[in-house]
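Heads up: the sequence shown at position 132 corresponds to 196 in this note's numbering, and the numbers run straight through without jumps. A quick write-up on the structure given underneath.
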Amino acid sequence: MSGLQSKISLASPEDTRAIAQRLGGYLHAGDVLLFEGDIGAGKTHFARCLIQSLLPEPEDVPSPTFTLVQTYETPDFEIWHADLYRLSSPDEVVELGLTEAFEDAVCLVEWPDRLAELKPEKALTLSLQMTDTRGERELTLRAKDSRWAVVLDKMIHG
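Okay, structure coming up:
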């Protein structure tokens with residue numbers, strides 16, 4: 065199968081929150097989301113909005129920049145939010161336990177290039193890019209696994 069791709073314009077942080085919440089409703093254990101984009105593109109904001117939409121009780125969702133991984137419990141699955149920016153080797157990803165989490169948790173991974181050959185084929189890639197100085201962004205969703213075809217269609221068409 066060739067890859068799937070959809071683009072969504074995000075005019076504001078509120079648009080980002082709405083799309084993140086919508087995507088969160090389709091996730092289940094074993095899903096991996098890979099967040100690409102420059103520093104300040106909105107990767108952590110999107111992940112934070114998605115995580116907050118899934119938590120049974122409101123809680124602070126800090127950036128995992130210094131802790132590398134933050135975990136959260138939902139009624140249906142565990143969420144792993146990882147920021148791999150400071151890693152220098154895929155071996156460090158294994159040491160964190162992230163590759164095991166790919167199987168039974170929902171994993172949100174910022175800076176997925178650090179995964180190298182460990183990048184899951186079944187993942188959904190979310191690329192965020194600033195499009196202007198007012199903070200507008202373009203979200204590109206890409207996947208190879210057909211599991212995401214229905215999700216992407218619903219993300220675009222509601």
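Cβ coordinates follow ideal geometry from the N, Cα and C atoms, glycine included.
Nearest-angstrom beta carbon gap, residue j and residue i [assumed within contact, 8 Å]
i: leucine 98; j: leucine 190; result: 7 Å
i: leucine 114; j: glycine 88; result: 5 Å
i: arginine 178; j: leucine 160; result: About 11 Å; that fails the 8 Å criterion.
Cβ-Cβ distance between residue i and residue j below 7 Å
i: valine 96; j: proline 154; result: no
i: valine 214; j: leucine 182; result: no
i: alanine 111; j: leucine 162; result: no
i: alanine 105; j: proline 128; result: no
i: lysine 107; j: leucine 192; result: yes
i: tryptophan 144; j: alanine 169; result: yes
Length of the line joining the Cα atoms of residue i and residue j
i: lysine 71; j: glutamine 116; result: 23 Å
i: glutamine 134; j: leucine 148; result: 12 Å
i: histidine 92; j: methionine 194; result: 29 Å
i: aspartate 102; j: leucine 205; result: 16 Å
i: lysine 208; j: proline 139; result: 28 Å
i: glutamate 137; j: threonine 131; result: 17 Å
i: lysine 218; j: proline 126; result: 29 Å
i: glutamine 69; j: tryptophan 212; result: 10 Å
i: alanine 82; j: glutamate 100; result: 19 Å
i: glutamate 164; j: proline 122; result: 27 Å
Open item on the list: For the stretch 198 to 207 against the stretch 72 to 82, do three or more pairs of beta-carbon atoms, one drawn from each stretch, fall closer than 8 Å, so that the two count as touching?
Closed with: Short answer: they touch.
TODO: Can you check the stretch 76 to 164 for any beta strand (DSSP E) of at least 3 residues that lies completely inside it and give the ranges in chain order?
DONE: As far as the stretch 76 to 164 is concerned, its whole beta strand (DSSP E) runs of at least 3 residues are 96 to 100, 133 to 137 and 142 to 147.
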